[in-house]
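J.: So that we are looking at the same thing, I have put the structure below in structure tokens.
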Amino acid sequence: MATTERPEGKGLGDRVYDMVFHSYFWRSIFRSGYPNTPRNQMLAVATNVFLHLHPTRIHRTHVRITHTFCLGGLSFFLFLGLTLTGVLLMFYYVPSVERAYQDMQILETDVRFGMLMRNLHRWMAHGMVLTVFMHMMRVFYTGAYKPPREFNWIVGVVLFVLTLLLSFTGYLLPWDELAFWAITVGTNMVGSAPLLGPPNRFVLIGGFDVGAAALIRFYTLHVIGLPLMAAIFMTVHFWRIRRDGGLARPL
Ligand code: HEM
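All residue numbers for the sequence shown refer to our numbering, where the first residue is 559 and numbers rise by one.
Encoded structure:
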């Protein structure tokens, strides 16, 4: 910690420096300071996730499956499975009002393993919402959201929202009655929020009603925007677990 210290007798610049780099917020993100002392250099090497994928030490409780139920790992596994099956589905699906529903039918009837891929994608999506939610509950009930893991909890909340948004945007893509009305109801709920509701709804569906513009927007968000953001936040999430000294000890 000593590395961010500055000599006494402080001017404005030093006080601003202290306010930023010694703040609770900064220290919750950057723990060991700049590695210019032997202690910080050792910490930087020992906690580096790329140099040591597994932590150098773990508590004996963490070996038991009942501590985590591997729910975070399962969520990640489902995310990878969804990416793989999603890319395969993209070979056969065109996000246009004329093609989308028909493509889904062809996928179910004509494409070899098409039905399997679609159902795998669908069930893994349901599964991921469930495992992410249960993972969040596990973290809460083991008190693992408390300092020093508060920053990772926030990253987790973002991941939870992204997971729900991925599910929601995927819902429209089959372009059947269920999809159309579900997204109409969902985006109307957005529109009913005070002040920013209507403009947000307009931006989300690219018009006043769910139509061709909404389909292409949801598709782009579903296959590029949201998965990319989720992958970035997951990378930060995993890196943080190591930075925070591995999993939380039992209460
Ligand atoms: C896509 C979603 C997510 C993935 C892939 C994921 C992945 C993981 C993994 C693999 C772990 C290691 C331990 C374990 O498996 O339980 C973990 C730990 C953790 N996760 Fe997540 N997570 C996700 C969402 C969340 C959410 C929604 C929260 C909370 C709002 C959260 C907060 C945490 C915290 C605080 C830890 C450290 C737990 C401890 O020290 O015991 N994560 N996460």
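C-beta atoms are modelled at their ideal positions from N, C-alpha and C, and glycine is treated no differently. Here the structure is a predicted model, which means the values were calculated and not measured.
By Cβ distance, which residues of its chain are closer than 6 Å to Val574, with the 5 residues on each side in sequence left out?
T.: Taking the sequence shown and counting its residues from 1, one reaches residue 574 at position 16. Closer than 6 Å at the Cβ level, and outside the excluded window around Val574, lies no residue.
J.: By the three-class DSSP mapping on this structure, what secondary structure does Trp733 have?
T.: What you label residue 733 is simply residue 175 of the sequence shown in a count that begins at 1. The answer is coil: DSSP assigns Trp733 none of H, G, I, E or B.
J.: Please determine whether the Cβ atom of Ala702 lies at a distance below 6 Å from any heavy atom of the ligand HEM.
T.: The sequence position of residue 702 within the sequence shown is 144, counting from 1. Checking every heavy atom of the ligand HEM against the Cβ of Ala702, one is found closer than 6 Å.
J.: How is Ile616 classed by DSSP in three states: helix, strand or coil?
T.: Locating residue 616 in the sequence shown gives position 58, where the first residue counts as 1. Coil at Ile616, not helix or strand.
J.: Return the residue from the list Arg615, Tyr651, Met694, Met692 that minimises the CA-CA distance to Met673.
T.: For the purposes of this step, residue 673 is taken as residue 115 along the sequence shown, with counting starting at 1. With distances taken between Cα atoms, Met673 lies closest to Tyr651.
J.: From the DSSP output, in three-state form, read off Val690 for me.
T.: Translated into the one-based positions of the sequence shown, residue 690 becomes position 132. Three-state result, Val690: helix.
J.: What is the DSSP secondary structure of Ala751, counted as helix, strand or coil?
T.: On the sequence shown, position 193 is the one that residue 751 refers to. Coil at Ala751, not helix or strand.
J.: Please report the distance separating the alpha-carbon of Val645 from that of Leu629.
T.: As a position in the sequence shown, residue 645 is number 87, starting the count at 1. As a position in the sequence shown, residue 629 is number 71, starting the count at 1. Approximately 24 Å, taken between the alpha carbons.
J.: Could you give the distance in angstroms between the alpha-carbon of Thr727 and the alpha-carbon of Glu708?
T.: As a first step, residue 727 is located in the sequence shown; it is residue number 169 there, counting from the start. As a first step, residue 708 is located in the sequence shown; it is residue number 150 there, counting from the start. For Thr727 and Glu708, the distance between alpha carbons rounds to 29 Å.
J.: Starting from the N-terminal end, write out each residue whose C-beta falls within a distance shorter than 5 Å of any non-hydrogen atom of the ligand HEM.
T.: In chain order, the qualifying residues are Thr626, Gly630, Gly631, Ser633, Phe634, Val690, Met694, Val697, Ala702, Arg707, Asn710, Trp711, Gly714, Val715, Leu717, Phe718, Leu805, Ala806.
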